[in-house]
Every structure is written in structure tokens, then in C-alpha cells.
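Engineer:
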């Protein structure tokens, strides 16, 4: 049987492209705080809670975002 960790941090990659570097990074910080999520999961059998575990979901920004060819 697989061991489920009681608490885990999950990173979700997001691809961004900054048109204006300073304002883009300020917006990225604000968006980062808005996109952080904390989830609680309950595993239950026949209506009884057997096990609960938690996940912290954090965005990870990657530079990119399409072709820059013109």
C-alpha cells in the first residue's frame, strides 16, 4: 500500500511573459498570493472519515509564453 504524506506542497507551473518588466513582476507577486491554495482531503469509507491529508498548492512562474517571432 502506498504511504500518503500527511502534508505536501504541490507546485503548479505557470508560463508568463512580461511586456513591462517592472509592472509585470509586481503583478506576478500579487497574482502569486491570490493563487496560493490550501486544500484538505478526507478519505472516507461508508461515511466514516478514515484519513485526512493536506495539500498546499503554490504557483511557480516560468518565463516564456509563446513565439516571439514577428
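In the numbering used here, the protein residues as written are 90 to 159.
For glycine and all other residues, C-beta sits at the position ideal for the given N, C-alpha and C.
These numbers were taken from a predicted model, which means no experiment stands behind them.
#1: Assuming contact is defined by CB atoms lying nearer than 8 Å, are residue 102 and residue 149 in contact in what I supplied?
#2: Touch check for the stretch 90–97 and the stretch 132–144: three-plus C-beta pairs under 8 Å?
#3: Taking DSSP as the reference, what is the three-state secondary structure of residue 111?
#4: Provide the residue span of the beta strand (DSSP E) that contains residue 103, from first to last.
Structural biologist: For this structure:
#1: yes
#2: yes
#3: helix
#4: 96–105
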